[in-house]
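Numbering (full-length UniProt numbering), first residue to last: 1 to 63. Glycine is no exception: its CB is placed at the ideal position from the N, C-alpha and C atoms. Here the structure comes first, spelled out in structure tokens, and everything after it is commentary.
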């Protein structure tokens, strides 16, 4: 068992598939659940937005 959550996001800027970027998030699943086992949706979404913004920014640098 590994508690590390690996999320890979691949971003394509428009229809140009050559302008793409990948961002990876690696965190313990424990970061997203409280002591009662309830998903902390806001924490998850914040991290998801961060890697999305990172991938989008990197794709635009490639242009």
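- Distance from residue 59 to residue 13 at the Cβ level is roughly 5 Å; contact confirmed, criterion being Cβ atoms closer than 8 Å.
- Only buried fits residue 11, as 16 or more other CB atoms lie within 10 angstroms of its CB.
- Looking from the CA of residue 56, the closest CA among 47, 29, 20 and 36 belongs to 20.
- Distance between residue 51 and residue 5, taken at the CA atoms: about 14 Å.
- Partner residues in the beta bridge of residue 28, as assigned by DSSP, are 4.
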